[in-house]
Amino acid sequence: MPPSENLSQRVYEVIRQKLILGELEPSAPLSIRTLAEEFGVSAMPVREALRQLASEQALIGAAKKAYRVPDLTPKAAADLFFVRSVLEGAAGELAARNMIGADIRGLEGLAQETSAAWVAGDARGYIKANFAFHSAINGRAGNDDLLRMIDALYARTGPWLAQGIVELIQVDRIADGHRKIVSALVAGYAKEVRRLVEEDAQWAIKLFQQMV
Numbered sequence: 021m022p023p024s025e026n027l028s029q030r031v032y033e034v035i036r037q038k039l040i041l042g043e044l045e046p047s048a049p050l051s052i053r054t055l056a057e058e059f060g061v062s063a064m065p066v067r068e069a070l071r072q073l074a075s076e077q078a079l080i081g082a083a084k085k086a087y088r089v090p091d092l093t094p095k096a097a098a099d100l101f102f103v104r105s106v107l108e109g110a111a112g113e114l115a116a117r118n119m120i121g122a123d124i125r126g127l128e129g130l131a132q133e134t135s136a137a138w139v140a141g142d143a144r145g146y147i148k149a150n151f152a153f154h155s156a157i158n159g160r161a162g163n164d165d166l167l168r169m170i171d172a173l174y175a176r177t178g179p180w181l182a183q184g185i186v187e188l189i190q191v192d193r194i195a196d197g198h199r200k201i202v203s204a205l206v207a208g209y210a211k212e213v214r215r216l217v218e219e220d221a222q223w224a225i226k227l228f229q230q231m232v
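This note's numbering puts the first residue of the sequence shown at 21, with every later residue one more than the last.
Below, the structure is given as structure tokens:
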């Protein structure tokens, strides 16, 4: 049997990905027993994974109580997206100096996927392609600490972003955002990439303000 820490890491990664992609809704409870059965492991690695996610503020948990997904207020969600926009803008500027042809082609494909999913009203498909698009840029920034901070914010904001997109989808506002970022990357305009990435993330702030 794999060591407990390996099992815990596997559970952690799966749940974290579900948070990022909005597959877990705000306030959703997470039962240690149910998850242990789902993963086919004992309660210990599940408890360790949930504890780690709670330490990263991606979950809320207390002794002898079930863990749950935070139910953020619109202001709290908007505040997190403001921080995310600043960090992702910095990552975009750094990444613009490291991009190669294969990176650009990959981003072009992902930009098409996000636009197609949005127009089709496929909220889940959009969220998945959107995360892949931004992760591809962030991963080329060459700064692992920055990447970890951004990913932690994705886990905290994913459930709320999914809810906002499902409830308030706006095709015209988002359709060309990623294409503009790709164009700036192709041109090598690092500062413009930063501005556009920040603008793309800050769009979510306006989304949440409409939910008040």
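Just so it is clear, CB atoms sit at the ideal spot from N, CA and C, and this is done for glycine as well.
Remember, predicted model here, so these are calculated numbers, not experimental data.
*With a cut-off of 8 Å, do at least 3 Cβ pairs link the region 61-70 to the region 98-111?*
no
_From Gly141, Thr54, Ile157, Leu107, residue whose alpha carbon lies closest to that of glutamate 128_ = Ile157
_Given proline 49 as reference, the closest of Ile80, Ala116, Leu114, Lys148 once Cα atoms are compared_ = Ile80
*Alpha-carbon to alpha-carbon, arginine 104 and alanine 69*: 24 Å
*With glutamate 108 as the anchor, note down where its alpha helix (DSSP H) starts and where it stops.*
Glutamate 108 -> alpha helix (DSSP H) spans 94-115.
*asked:* As a quick exercise: from Gln29, Ala152, Asp142, pick the residue whose alpha carbon is nearest that of glycine 126.
replied: Ala152
_Bridge partner(s) assigned by DSSP for arginine 88_ = Pro49, Ile80
*Three-state secondary structure (DSSP) at glutamate 212?*
helix
_Nearest-angstrom Cα separation, counted from proline 90 out to glutamine 29_ = 21 Å
*What's the gap between the Cα of valine 213 and the Cα of tyrosine 174?*
20 Å
*DSSP on alanine 122, reduced to helix/strand/coil?*
If DSSP states are grouped into helix, strand and coil, alanine 122 belongs with the helices.
*Nearest-angstrom Cα distance between aspartate 164 and glutamine 77?*
So the alpha carbons of these two residues sit roughly 20 Å apart.
*asked:* Distance check for leucine 205 and leucine 44, CA to CA, integer angstroms please.
replied: 33 Å
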